[in-house]
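Since the structure comes first, as structure tokens, the remarks are kept for the end.
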Amino acid sequence: MLKKLFRRGKQLFPAGWGIRVYRHAFRCGQVLQLRQNRNSLMSPEDLGKMISITNTALSEKIAPCFDCWSSRTTDGQKSADVTGVPGAANLSAIVLQQAKLAVEEIHQANVAQANLLLEREKWERTDVPAHFESRVLSKFLPEGHEVDDGSTSGEEQQQQGKDSTARGRRYLVLPEDRGSFLVVPAGLGILELIAVYLDVARALPQLATDAAVRLTSMLRLANGQIEKLLLEGQAVSSGSRKTVTATNLALTYQTIDMLSSVLPLVANTLESIAGSKGGPGIRIVLEDLLYRLKAEMSEHKGNLMRKLGDILVERFDHHCAKWLSAEKASRAGKRTGPNENVLKIVNDVSSMHRVLMKSLSPKCVE
């Protein structure tokens, strides 16, 4: 078509050419709108290709012709501005809007999946799956960075023991020395959902800010849901657990600490994907992710530690009450030897210490 438009260096545009371009762009927009429900289910990669093809056709093929026609560019220059192409702005807006709808569909599916994972979670430790680092954690880093797949440091090898290979890896080691954590199935599942948002941002860098907003929303909802389940007793009332033990609370602490530790990795990756085109919008979202959400998770961890302390205080009060009530009887009978309630207090403190040392770092136990 372009060959027909240029003859011997002269711009000879057919009469009504601009009107025909507008009609074609309008029809393309109509087709896209008719396929809106189907397009919203397209993969981010396919949507990225559709956006790229549309923008390339408008900015590199058609827009320069209109620039020459209207003499708005100097010799040898080509404009990437599509605003002068009849119907182009509307067509670009339709394509981008449908991509946003697809991102929202993915977000709603992820939120539902996160809720399902948390509702079914028993808050019991699980081993780290093979190749989890290369399959999931590698996506938490910008392009060009690599993750050691399952490698362990000397300190972690001591924690896991000599038979860790046979039993599966006990600790998940985050990239860039962000720490090692005991994991539960829901924690691993949420990490996989985070990787989905990062995949969306990479496939649709124009919508990196939208992906970041929804990722922050999903993590905030998950953090609140975990707090309701463990600290407000919904896990017991829903029947997923008969009771919430100190081990459950300690593993919950590990899960929240792990999610909080990956936030800087996620923020750096999103910022590198958005680049200079992200503008102030991406910086505002990342500030919410890095500071406000991280502060909410820190508060959650503090509440978990206080709950663990409350359990020990309750047991202490219980045994002390029995000790004092039995004091008169023990004096009347002239019983010798240590009081059994004192022994129970010692046993409870020792048991709590073993649980915390097994499920938390020594620093947290102190």
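Add 4 to a position in the sequence shown, counting from 1, and you land on the number used in the numbering used here.
Even for Gly, the Cβ is constructed at its ideal location relative to N, Cα and C.
Computed from a predicted model, the values in this text were never measured in an experiment.
Between the C-alpha atoms of A239 and G191, what's the straight-line distance to the nearest angstrom?
16 Å
*Quick one: using the 10 Å Cβ neighbour count with 16 as the cut-off for buried, is G52 buried or exposed?*
buried
field: Neighbourhood of L364 by C-beta distance below 8 Å, restricted to the same chain and skipping five residues each side
entry: Residues A254, Y257 and Q258 of the same chain have their beta carbon placed closer than 8 Å to that of L364, with the five preceding and five following residues left out of the count.
Exercise. Drop a sphere of 10 angstroms on the beta-carbon of I112, count the other beta-carbons inside from all chains shown, and report buried for 16 or more, exposed for fewer.
Key: A quick correction: the sequence has Gln, not Ile, at residue 112. Q112 should be labelled exposed.
key: Exposure of A299, with buried meaning 16 or more beta-carbon neighbours within 10 Å   = exposed
- Item | For L364, the three-state DSSP class (helix, strand or coil) | coil
To the nearest angstrom, how far is the alpha carbon of R174 from that of F185? Taking the straight line joining both Cα atoms gives about 8 Å.
Measuring straight from C-alpha to C-alpha, what distance separates M301 and I194?
15 Å
**Message:** So for Q163, helix, strand or coil by DSSP?
**Reply:** Caution is warranted here: a pLDDT of 49 is assigned to Q163, below 50, making its placement in the model unreliable, and the coordinate value is therefore given only provisionally. Note: Q163 maps to helix in three-state DSSP.
What is the DSSP secondary structure of T213, counted as helix, strand or coil? helix
Alpha helix (DSSP H) runs contained entirely in the segment 96 to 140, provided each spans 4 or more residues: Runs of the alpha helix (DSSP H) inside the segment 96 to 140: 136 to 139.
Q.
Quick check on DSSP: helix, strand or coil for R310?
A. helix
Same chain, Cβ closer than 7 Å to I57, neighbours up to 5 away in sequence not counted:
none
Q.
Using the three-state DSSP reduction, which class does R206 fall into: helix, strand or coil?
A. helix
| chain B beta carbons: is any one of them nearer than 8 Å to that of S221? | This model lacks chain B altogether, as it is built from one protein chain only.
Q. Of the residues K232, L219, L197 and N114, which one's Cα is nearest the Cα of L297?
A. L219
- Task: For Q210, I'd like the list of residues in its chain whose CB is within less than 8 Å of its CB, leaving aside the five on either flank, ordered along the chain.
- Result: I55, L100, A103 and K281
Using a threshold of 8 Å, state whether the C-beta atoms of V187 and T251 are closer than that. no
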